[in-house]
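See structure below.
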Amino acid sequence: MLLPPEIRTHLRRNADMSAQREQDHRPVVKFFTPDAQATWLFTELASDNDTLFGLCDIGHGTPEVGYASLAEIQSLRGPMRLPVERDRQFRAAKPLSEYAADARRHGRIVT
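Numbering-wise, numbering that gives the first Met the number 0 puts 27 at position 28 of the sequence shown, and it's gapless, one number per residue.
Okay, here's the thing in structure tokens:
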């Protein structure tokens with residue numbers, strides 16, 4: 000399960016806080032493709048329970064802050080047909096803006 004209930008709740012809480020005033024949250028969850036170069040760091044989940052906000056890197060050297068669909072990410076498969084996984088060891092050390100700045104410098108998400 001990519002988004003267990005406790006992570007989903009944390010992402011929703013961040014989205015609610017950001018709706019009240021702009022926030023630079025620490026990423027709550029990291030997804031990655033085990034057989035490709037894609038990585039995502041998400042800070043928020045919209046009330047539709049599908050739209051995630053965070054740093055997206057599909058492996059082309061141009062990571063971007065923006066929105067992604069949880070349903071689409073769950074349907075992705077890499078070259079070896081492996082699904083996207085959640086990095087269970089990931090703990091954010093800084094806010095999303097700092098991960099984004101580092102990603103732009105390196106051309107990929109660096110955790």
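Each residue gets a CB set at the ideal place from its N, CA and C atoms; glycine is no exception.
All figures in this text were calculated on a predicted structure; none of them were measured in a lab.
Cutoff 8 Å: residue i Cβ touching any chain B Cβ
i   : result
T61 : Absence of chain B from the displayed structure is noted, only one protein chain being present.
Between the CA atoms of residue j and residue i - distance to the nearest angstrom
i    : j    : result
S74  : P33  : 14 Å
R76  : Q22  : 32 Å
K93  : L54  : 13 Å
A14  : M79  : 34 Å
E5   : Y98  : 23 Å
P62  : M0   : 25 Å
L69  : W39  : 11 Å
E43  : R85  : 15 Å
L59  : R107 : The displayed chain sequence assigns His, not Leu, to residue 59. Between H59 and R107, the C-alpha separation is close to 8 Å.
F31  : T8   : 21 Å
D101 : T110 : 9 Å
Limits of the unbroken beta strand (DSSP E) element including residue i
i   : result
T50 : 50-56
L44 : 38-44
Cβ-based neighbour list, residue i, same chain, cut-off 7 Å, excluding 5 preceding and 5 following
i   : result
I57 : A37
F41 : L10, P26, V27, V28, L51, F52, G53
D49 : S68, L69, A70
Bridge partner(s) assigned by DSSP for residue i
i   : result
S32 : Correcting the residue identity first, residue 32 is Thr in this sequence and not Ser. T32 pairs with nothing; no bridge assigned.
Residue range of the alpha helix (DSSP H) that includes residue i
i  : result
E5 : 4-19
6 Å CB neighbourhood of residue i in its chain, flanking five on each side removed
i   : result
V64 : L54, A99
Taking only runs that begin and end inside the region 53-96, name each unbroken alpha helix (DSSP H) of 4 or more residues, in chain order.
69-74
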